[in-house]
Amino acid sequence: MRRIVPNIHSNDLEASKLFYMDFLGMELVMDIGWVITFASKENPTAQINIFKDDKSIVDESFISIEVPNVDKLYEQAQENEFGIVYELRNESWGVRRFFVKDPNGATINLLTHL
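Residue numbering for the sequence shown follows full-length UniProt numbering, beginning at 1 and increasing consecutively.
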């Protein structure tokens, strides 16, 4: 695994920017309107995603895990009949991903950067 990123849902993305940038000193590394990502200046793989709290835009994913080969994990998830709740696809912001339910019911966003 390359990194594991927690996801938080928010009703106020601007307040999140102030908190994570001004208070914690993180860098805003992605802002595509409905999701923003902050990274540590000292360790750029230490990140957090803040999703606009709109269920029509994003599923209830609890964490994102970047892996070297998302296609292989997708095949394994199918073989093991794990609950795939978002099919494998390339996204416009440069990732290939799918969502799968873990045994606890948490939705995991598995992704590879393209």
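Glycine residues also receive a C-beta, built at the ideal position from the N, C-alpha and C atoms. Bear in mind the structure is a predicted one, so any value in this text is a computation, not a measurement.
- At least 7 angstroms separates the beta-carbon of N90 from that of N49.
- Between the alpha carbons of V29 and E81 lies a gap of roughly 35 angstroms.
- For L111 against E66, the beta-carbon gap comes to about 6 angstroms, under 8 angstroms, which counts as contact.
- For D53, the closest of V85, I32, L88, N11 by C-alpha to C-alpha distance is N11.
- Classified as buried, T37 has 16 or more neighbouring CB atoms from the shown chains inside 10 Å of its CB.
- When the Cα atoms are used, I84 and P44 turn out to be separated by approximately 29 angstroms.
- When secondary structure is reduced to three states using DSSP, E81 falls in the coil class, being assigned neither helix nor strand.
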